[in-house]
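Protein chains in written order, with this note's numbering: chain A, 1 to 358; chain B, 1 to 358.
Number of protein chains: 2
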Amino acid sequence: MKYYYLTPGPSELYFTVPQHIQTALSHDICSISHRSAKFQEIFKEAVNNLKTLLNIPDDFYVVFTGSANEIWERIIQNCVRNYVFHLINGSFSKRFYETSLELGKKALSSEVPFGKGFEDVSSLKIPDEVEMICITHNETSSGVSMPLEDIYTLRKHYPEKLIVVDAVSSLPYPDFDYRLIDSVFFSVQKGFGLPAGLGVWIFNQRCVEKALALQKEGICIGTYHKIPELIEKASKYQTPETPNVLGIYLLGKVCSDMLSKGIQTIRKETAYKATLLYQRLSEHSFLRPAVENPSHRSSTVIVAHITDGRTSEEIINLYKPHGFILGKGYGKAKDTQIRIANFPTFSKELFEKLSDIL
Amino acid sequence: MKYYYLTPGPSELYFTVPQHIQTALSHDICSISHRSAKFQEIFKEAVNNLKTLLNIPDDFYVVFTGSANEIWERIIQNCVRNYVFHLINGSFSKRFYETSLELGKKALSSEVPFGKGFEDVSSLKIPDEVEMICITHNETSSGVSMPLEDIYTLRKHYPEKLIVVDAVSSLPYPDFDYRLIDSVFFSVQKGFGLPAGLGVWIFNQRCVEKALALQKEGICIGTYHKIPELIEKASKYQTPETPNVLGIYLLGKVCSDMLSKGIQTIRKETAYKATLLYQRLSEHSFLRPAVENPSHRSSTVIVAHITDGRTSEEIINLYKPHGFILGKGYGKAKDTQIRIANFPTFSKELFEKLSDIL
């Protein structure tokens, strides 16, 4: 039986990926040197296709890491001298905050209860000494998403501070205005439907300047994956280390497939599928949307609270015979909630079927 | 035409890998949760098979990173308070040393000229305050390898210091006595013939104790990939981040295949193929072994100097029509040397054919 992994990451592969892996194998993509012209073409294609797909300005950098967790560490190391501010709206934004603490930074935060978003970001008091504001656009743990306008409001209030957005489980859905953000990052095993093991880090010249300034002051900003090293190699369409070549190759191919489909179509379909599912959950007999405020509900990670006392495992087992693998809740909500990924690989028809079955 | 990538990494895939990738795809290995029982089985299989294959003692830890470059950084961060000593016998050991400097450690070193090994390690004067000795067993850049006895001599002279061995391009060939080493690491795209994007880090309790001591002193040892976090997750057959699940799966499968073949057979064949090739090079009309001292010649990365003034590119183009892709030299020797990987995926018959053609 064919199972659809509607888990929020790793998730179902984008439907074209198995074929691209065959092509990669027949073209020896896993054997070529990462210093060869062939690899440079692969790097260039991935970055260019991604930039086109997401409408990332030309002067932004795109580099690769092993995971998005790694980017949490690298961005704090490279772009924060002392003070950083974290908006905590779930378990992953909390771990991002803890990363700052572990790196010895003076990390400040504002936290909302699990399952809630920030009602009024303009009321946040972020001290002058804060250099960077860290926002988790889409909380994979709780299904809370931050409206893009809230991000831009923070930029408006704090134009001098770096604005960094963790978009791990939302891209390629959000249509960010990158001119109002300094850095965005994600990992490929979610919305892009690729095998895990690759983080994608997008940042602008302000981040570079900050890293260079810290380096000049003698602050350790890392080694092979510090920003100056990453961009020096990226300027030659290379990476400092031998990277996940297959992952970079597949990213370029899937971005190309998404470009063929059209990013607007993908976004419209995502919104349609999310509306369908939230509608169904709002009238469900034993499930309800876990995020109460509709404007804070994620379109890409849909979380439902179980209202009849059954465990998430029981609910998951209920739908498995229909071919749908749903995700458990996260952390404390592991047993009491289920999470459903609404990523681009899932068709409207599949979500209509899911909605019927739910 | 089928090309054999005799490049020293990425290199030819182990011959069973394409089939294992098919199986992985049909079993949804890329879609399963990294917190699921299925992933734990994959983790356990990879670690257990590797430990059996390499005869790693039970009480050693095996954890995964994005690359071996990452392990350079992590091991210095986690296991060095102030002083570290590097034996530099080529470009990669030099970068390992530079990693220590970039991390702000007091890095001391002893360096031999490119293409040479250490003639007498017992004459090295390593100061008392040095906490860790870093050895590159096999220099992928120059084709120099350090005899295992030299490593054990260092252990004998400096029993209190941590002994760390970069075995990136030699494992699974060397039959290390892990009781005389504190940490060994490698990346999978070389001897194991896997797609790049995974580093494997093997270490003992002494490394753990050191990391815990540094952490207690308030020294930053990293975040998600610090030793205490890595081993806490590994004790549950998990990783801190969403890892390269496919890579870990393939490592387990290839180790199993190598166990079926027999590690002694693999080692004997590697030695035979190396002898064959060095023999051929020693009587060649325009190539000669780049490493003069036979006891310092690597069995897994065989480097030849071009004696008739042609460039490595010309030599590589000479053998490409026969189906053999050889590697260029490294760094300054890029144009004047060629490198030939002698990894387990290449059969004796293939090397006999290569020897004939050379």
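From the three backbone atoms N, C-alpha and C, an ideal C-beta is built for every residue, glycine too.
Everything numeric in this text was worked out from a predicted model, so none of it was measured.
query, result
"Kindly confirm or deny that the region 223-239 of chain A and the region 3-12 of chain A touch, where touching means at least three C-beta pairs closer than 8 angstroms.", "no"
"For the 8 angstroms Cβ check, are there 3 or more pairs between the region 101-121 of chain A and the region 74-83 of chain A?", "yes"
"Take the Cβ of B/Ala213 as the centre, count every other Cβ of all protein chains shown within 10 Å, and call the residue buried at 16 or more, exposed below.", "exposed"
"Along chain B, which residues have their Cβ under 9 angstroms away from the Cβ of A/Val245?", "Pro10, Gln189, Pro195, Ala196 and Gly197"
"Would you say B/Ser183 and B/Val200 are within 9 angstroms of each other, going by their C-beta atoms?", "no"
"Give every residue of the same chain whose Cβ lies closer than 6 angstroms to the Cβ of B/Leu91, excluding the five residues on either side of it in the sequence, and list them in chain order.", "In the sequence as presented, Leu is not what sits at residue 91 of chain B; that position holds Ser. Closer than 6 angstroms at the Cβ level, and outside the excluded window around B/Ser91, lie Ser141, Tyr330 and Gly331."
"Is there a Cβ of chain B sitting closer than 9 angstroms to that of A/Gly104, yes or no?", "yes"
"Check whether the Cβ atoms of A/Ile302 and A/Pro289 lie closer than 9 angstroms to each other.", "yes"
"For the region 26-50 of chain B, which residues have a CB atom closer than 8 angstroms to at least one CB atom of chain A, in sequence order?", "Asp28, Cys30, Ser31, Ile32, Ser33 and His34"
"Hey, is A/Ser301's beta-carbon within less than 9 angstroms of any beta-carbon in chain B?", "Per the sequence presented here, residue 301 of chain A reads as Val, with Ser not at that position. A/Val301 does not count as touching chain B."
"Under 9 angstroms between the Cβ atoms of B/Ala304 and B/Ile357?", "no"
"With 9 angstroms as the threshold, decide whether the Cβ of B/Gly222 is near any Cβ in chain A.", "yes"
"Can you round the beta-carbon distance between B/Val62 and B/Ile202 to whole angstroms, since I take them to be within the 8 angstroms contact cut?", "5 angstroms"
"If you reduce the DSSP assignment to three classes, tell me which class B/Lys2 lands in.", "coil"
"Which residues mark the beginning and the end of the alpha helix (DSSP H) in which A/Met258 is found?", "Val245 to Lys261"
"For A/Gln279, which residues does DSSP report across the bridge?", "In DSSP, A/Gln279 forms no bridge with anything."
"For A/Leu13, which residues in chain B fall below 7 angstroms Cβ to Cβ?", "Cys30 and Ser31"
"Short of 7 angstroms in beta carbon distance, which residues of its chain neighbour B/Pro240, apart from the five on each side in sequence? Order them along the chain.", "Tyr224, His225, Glu229, Leu230 and Lys233"
"Just the C-alpha distance for B/Asn138 and B/Phe192, rounded to the nearest angstrom, thanks.", "15 angstroms"
"Taking only beta-carbon positions, decide if B/Lys94 is within less than 9 angstroms of chain A.", "no"
"For B/Lys334, collect the residues of the same chain with a Cβ closer than 6 angstroms to its Cβ; drop the 5 residues on either side in sequence, then sort them by chain order.", "Lys328"
"Check the C-beta distance from A/Gly247 over to A/Leu194 and give it rounded, since I have them as a contact under 8 angstroms.", "6 angstroms"
"Would you report the Cα separation of A/Ala24 and A/Leu250, rounded to the nearest angstrom?", "8 angstroms"
"With DSSP run on the structure shown, which of helix, strand or coil describes B/Gln337?", "strand"
"I'd like the list of long-range same chain contacts for B/Glu45, defined as Cβ closer than 6 angstroms, with 5 residues on each side in sequence excluded.", "Gly252"
"Quick check: the Cα distance between A/Leu379 and A/Thr52, rounded to an integer number of angstroms?", "It is not possible to answer for residue 379 of chain A, since the shown part of chain A is limited to 1 through 358."
"In chain order, what residues of the same chain have a beta carbon less than 8 angstroms from the beta carbon of B/Ser33, not counting five sequence neighbours either side?", "Phe39"
"Taking the beta strand (DSSP E) that A/Ala196 belongs to, which residues open and close that run?", "Counting along the chain, A/Ala196 falls outside any beta strand (DSSP E), and DSSP gives it neither H nor E."
"Please state the DSSP three-state secondary structure of A/His34.", "coil"
"Can you confirm whether A/Lys253, when its beta carbon is compared against all beta carbons of chain B, has any partner nearer than 9 angstroms?", "no"
"Since B/Ile181 and B/Tyr158 are thought to touch, with beta carbons under 8 angstroms apart, how far apart are those beta carbons, to the nearest angstrom?", "That pair is no contact at about 12 angstroms."
"Would B/Asn78 pass as a contact of B/Gly222 if the rule is Cβ separation under 9 angstroms?", "yes"
"With burial defined as no fewer than 16 other Cβ atoms inside 10 Å of the residue's Cβ, what is the status of A/Gly309: buried or exposed?", "exposed"
"Determine the direct distance from the alpha carbon of B/Gly143 to that of B/Thr300, and round the result to whole angstroms.", "8 angstroms"
"Taking a cut of 8 angstroms between CB atoms, which residues from the region 63-84 of chain B lie near chain A?", "Thr65, Gly66, Ser67, Ala68, Asn69, Glu70, Trp72 and Glu73"
"From B/Thr65 to A/Ile71, what does the alpha carbon distance come to, in whole angstroms?", "14 angstroms"
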